[in-house]
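Report on the structure given below.
In my numbering, the protein residues as written are 190 to 261.
What follows is the structure, given as structure tokens:
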């Protein structure tokens with residue numbers, strides 16, 4: 190025997206909904222439903238010394254790989 194899934198109807202549009210939504214233009218997502226694309230997390234900022242060491246290491250690798258000219 191099949192179980193019926195209880196869905197509610199939206200008061201504004203009449204659609205079957207599995208989440209509450211209010212059709213307000215408040216920039217909270219598509220009709221306040223689940224996120225289509227969740228907000229991205231920004232990586233933590235690196236300090237100036239960390240960036241300096243990363244660049245130094247990258248240039249050293251480039252010099253050993255391609256020579257003093259820096260390109261092929």
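Beta carbons are placed, not taken as given, at the ideal position from N, Cα and C, and that holds for glycine.
Have a look at residue i and residue j and give me their C-alpha separation to the nearest angstrom.
i, j, result
"residue 252", "residue 245", "11 Å"
"residue 203", "residue 238", "58 Å"
"residue 257", "residue 249", "10 Å"
"residue 262", "residue 247", "No answer is possible for residue 262: it lies beyond the span of the chain, which begins at 190 and ends at 261."
"residue 235", "residue 197", "48 Å"
Can you tell me whether DSSP reads residue i as helix, strand or coil?
i, result
"residue 233", "coil"
Who pairs with residue i in a beta bridge, going by DSSP?
i, result
"residue 206", "197"
Checking contacts by CB at 7 Å: is residue i closer than that to chain D?
i, result
"residue 252", "Any reference to chain D falls outside this structure, which holds one protein chain only."
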